[in-house]
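Undergrad: Residue numbers (this note's numbering), protein chains in the order written: chain G, 8 to 78; chain B, 84 to 232.
For every residue, glycine included, the Cβ atom is placed at its ideal position computed from N, Cα and C.
Keep in mind that this is a model prediction, so the values were computed, not measured.
(1) Rounded to a whole number of angstroms, what is the C-alpha to C-alpha distance between residue 108 of chain B and residue 39 of chain G?
(2) What residues from chain B crowd round residue 81 of chain G, counting only those whose CB sits closer than 7 Å?
(3) With a threshold of 8 Å between beta carbons, is residue 174 of chain B in contact with chain G?
(4) Which class does residue 38 of chain G belong to by DSSP, given the choice of helix, strand or coil?
(5) Can you confirm whether residue 55 of chain B, when its beta carbon is compared against all beta carbons of chain G, has any partner nearer than 8 Å?
(6) Kindly indicate the opening and closing residues of the beta strand (DSSP E) around residue 74 of chain G.
(7) Taking the alpha-carbon of residue 128 of chain B as reference, which of B:151, B:145, B:144 and B:210 has the nearest alpha-carbon?
(8) With residue 207 of chain B as the anchor, note down where its beta strand (DSSP E) starts and where it stops.
(9) Does the beta carbon of residue 64 of chain G sit closer than 8 Å to a beta carbon anywhere in chain B?
(10) According to DSSP, is residue 165 of chain B helix, strand or coil?
(11) Could you check which residue in B:118, B:166, B:225 and B:112 has the C-alpha nearest to that of residue 177 of chain B?
(12) Would you check if the stretch 47-63 of chain G and the stretch 87-104 of chain B touch, i.e. whether three or more CB-CB distances between them fall below 8 Å?
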């Protein structure tokens, strides 16, 4: 069984929200820009709280921002 | 580079420098026979105290100087000091590896003591085990930051 991944649509959503930068999103949710980079690349799975915060910024339900890909 | 990642790199450089210097100094003094006779352990204790002293000073000075150098190199006049959940997670993973290495080194040091090694050497093996633990901890953190862990 491969490694499960939490994939996301953050990059597309950022551009849909006035070309929001990674730094701006990071400041809105209280993390570093590097963490947003890692999440976007699916190298890091955010905590449930952070995932909800990100979804809240884009005014979308969680499942429209993050998708779980079983390994 | 985030605040914590930069701290990890700086800590790595300073730790290698401090323990490199201490290892060089200790081996020189040991070769001269400074750690022989009834005062061997007292002298060892003082050397370790000096190590702690200049280690703390080197960490403080190193953090300040290298932080300035890194900011200049990155052309970042307003660096972020934020620490987030990913930093804490990476830090915990580093600590886990560090404890493993330090614990293994201390166990091997006790084996060496049990087999009759010079206590001065064993004492320094314990110190270097702790240093190796700290080094591995920082190295793991740097690697995890680089691979995006």
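TA: So, from the listed chains and residues:
(1) Position 25 of the second chain, counted from the first residue, corresponds to residue 108 of chain B. Position 32 of the first chain, counted from the first residue, corresponds to residue 39 of chain G. Distance between the alpha carbons of residue 108 of chain B and residue 39 of chain G is about 41 Å.
(2) Absent from the model: residue 81 of chain G. The displayed extent of chain G is 8 to 78, so no value can be given.
(3) Taking the first residue of the second chain as position 1, residue 174 of chain B is located at position 91. Closer than 8 Å: no.
(4) For the purposes of this step, residue 38 of chain G is taken as residue 31 along the first chain, with counting starting at 1. Reduced to three states, the DSSP call for residue 38 of chain G is coil.
(5) The requested residue 55 of chain B is not part of the displayed model; chain B covers only 84 to 232.
(6) Along the first chain, read from residue 1 onward, the residue named residue 74 of chain G stands at position 67. 73-76 is the extent of the beta strand (DSSP E) around residue 74 of chain G.
(7) Taking the first residue of the second chain as position 1, residue 128 of chain B is located at position 45. Answer by Cα proximity: B:210.
(8) One-based indexing of the second chain puts residue 207 of chain B at position 124. Run containing residue 207 of chain B: none in the beta strand (DSSP E); it sits in the alpha helix (DSSP H), 202-230.
(9) Counting from 1 along the first chain, the entry for residue 64 of chain G is found at position 57. So, not an interface residue.
(10) Locating residue 165 of chain B in the second chain gives position 82, where the first residue counts as 1. In the structure shown, residue 165 of chain B sits in coil (DSSP, three-state: anything other than H, G, I, E or B).
(11) Counting from one through the second chain, the residue named residue 177 of chain B turns up at place 94. Per the Cα distances, B:225.
(12) no
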